[in-house]
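Residue numbers (our numbering): 2 to 328. Don't be surprised by glycine CBs; every beta carbon is placed ideally from N, CA and C. As structure tokens, the structure follows; a few thoughts come after it.
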Amino acid sequence: MTSHPYIRPRRLRTTPAMRRLVAQTSLEPRHLVLPMFVADGLDEPQPISSMPGVVQHTLDSLRAAAAEAVSSGVGGLMLFGVPRAEDKDATGSGADDPEGILNRGLRALRDEFGDSTVLMADTCLDEFTDHGHCGVLDHSGRVDNDASLDRYVSMALAQANAGAHLLGPSGMMDGQVGVIRDALDDAGHTDTGILAYTAKYASAFYGPFREAVGSTLQGDRRTYQQDPANRDEAMRELELDLAEGADIVMVKPAMSYLDIVRDVANATDAPIAAYQISGEYSMITAAAERGWIDRDAAIMESVTSIRRAGASIVLTYWATEVAQRLG
Ligand code: PBG
């Protein structure tokens, strides 16, 4: 005689209605943020070959894609600027130029959508520097932390003036949140928030993004982004960002760092964002193109798992599509 289990977890998995009833993690359009690229000097949107389905936008196509995203109900838009190659320089002057492409894009979106969506800006120099680093270099070619902070302050003010609701300092310079907060407050931008890239790792999965923004990076970012081997360091970065005035804290990438998302969620009541980055998008897209995985199921599973790990907000290149699917 075999003994039979009298507790049967499978009972709660029997029907779609039963599974829906007990599902612990929910996904709603408002949880999703769409990262977008706006490029200078384009006549029409430019596909990004390593990210099939994602484009560098013109100002017109940016407005149209943003309108589609907003009407799908996404929680916000995160904008990146792609200047013309000849406009890049050592200090990234296109970043704080009010006529730089990112600031023009921000103004266009704020004019169009007002406060009906949350407009976020990447506050980082790498798209604008000719060497491709997130800061300015000192005489020996190292990224100079404090000189970079001065540039971030100027960039942040330009972005706040252009209409961004949230600034996303992503350069991993020490003190970046604090100096930006001070500068915003001094300029009267007390309502402009900071979505801090708190735990940003030096990841191989950013590869396709570098094509997306036409990056010219020489070397790597290991002297400022976190070592993938480190877990506790994220807690230290979290304490600093909160003390410096971060409104929302972000972990990036997402899928290889779900343990960090959970650590951060356990450690703070501040809203937590996680960024499902370019390489995560491209891996799923490429495997699906080969017929190796079910694309739609993999997208939903990956985004849901990031929510389950503890992120309230998920930045994903599938934001509009997922929001539309959720209805
Ligand atoms: C830096 C920045 C990067 C990404 C977002 N902000 C690139 C990097 O740090 O190398 C990556 C986003 C992605 O891969 O989707 N401005």
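Contact check for Gly133 against Val144 fails: the beta carbons are separated by 7 angstroms or more.
For the region 286 to 324, the full-length alpha helix (DSSP H) segments reaching 4 residues or more read 296 to 310 along the chain. If you draw a straight line from the Cα of Thr130 to the Cα of Ala163, it is about 20 angstroms long. Pairing Lys89 with Leu22, the inter-Cα distance amounts to about 53 angstroms. Taken through DSSP and simplified to helix, strand or coil, Ala161 comes out as helix.
Each residue's CA atom was taken as its position, placing Tyr198 and Ile8 some 44 angstroms apart. A heavy atom of the ligand PBG is found nearer than 6 angstroms to the CB of Ile278.
A distance of 7 angstroms or more separates the beta carbons of Ala165 and Asp97.
The count of Cβ pairs closer than 8 angstroms, one atom from the region 66 to 73 and one from the region 305 to 314, stays below three, leaving the stretches out of contact. Counting only runs of 4 or more residues that sit fully inside the region 200 to 284, the alpha helix (DSSP H) segments are 208 to 213, 233 to 245, 259 to 268, in chain order.
The residues Gly208, Pro209, Glu212, Ala213, Ser279, Ser283, in chain order, have a CB closer than 8 angstroms to that of Ser51 in the same chain once the five nearest residues on each side in sequence are set aside.
When rounded, the separation of the alpha-carbon atoms in Arg309 and Ser141 is 44 angstroms. If the five residues before and after Gly42 are omitted, its C-beta is found closer than 6 angstroms to the C-beta atoms of Arg85, all from its own chain and listed in chain order. Pairing Ile261 with Val250 gives a Cβ-Cβ distance that is not under 7 angstroms. Phe81 is bridged by DSSP to Phe38. In the same chain as Thr191, and ignoring 5 residues on each side of it, the C-beta atoms closer than 8 angstroms to its own belong to Leu185, in chain order. Burial check for Asn267: the Cβ neighbour count within 10 Å stays below 16, so the residue is exposed.
Remark: the C-beta of Asp127 is in contact range of the ligand PBG, defined as less than 6 angstroms to any heavy atom. Boundaries of the beta strand (DSSP E) harbouring Gly169: 167 to 170, taken from the DSSP string. In the three-state scheme derived from DSSP, where H, G and I count as helix and E and B as strand, Tyr198 is classed as strand. Sequence-distant Cβ neighbours of Glu45 in its own chain, meaning closer than 8 angstroms and more than five residues away, are Thr59, Ser62. Beyond the five residues adjoining it in sequence on each side, Tyr318 comes within less than 8 angstroms, by CB distance, of Leu35, Pro36, Met52, Gly54, Val55, Gln277, Ser279, Tyr282 in the same chain, given in chain order. If one requires a minimum length of 4 residues, the alpha helix (DSSP H) runs lying completely within the region 56 to 114 are 60 to 73, 102 to 114, in chain order.
With a cutoff of 6 angstroms, Asp123 counts as near the ligand PBG, since its C-beta is closer than that to a heavy atom of the ligand.
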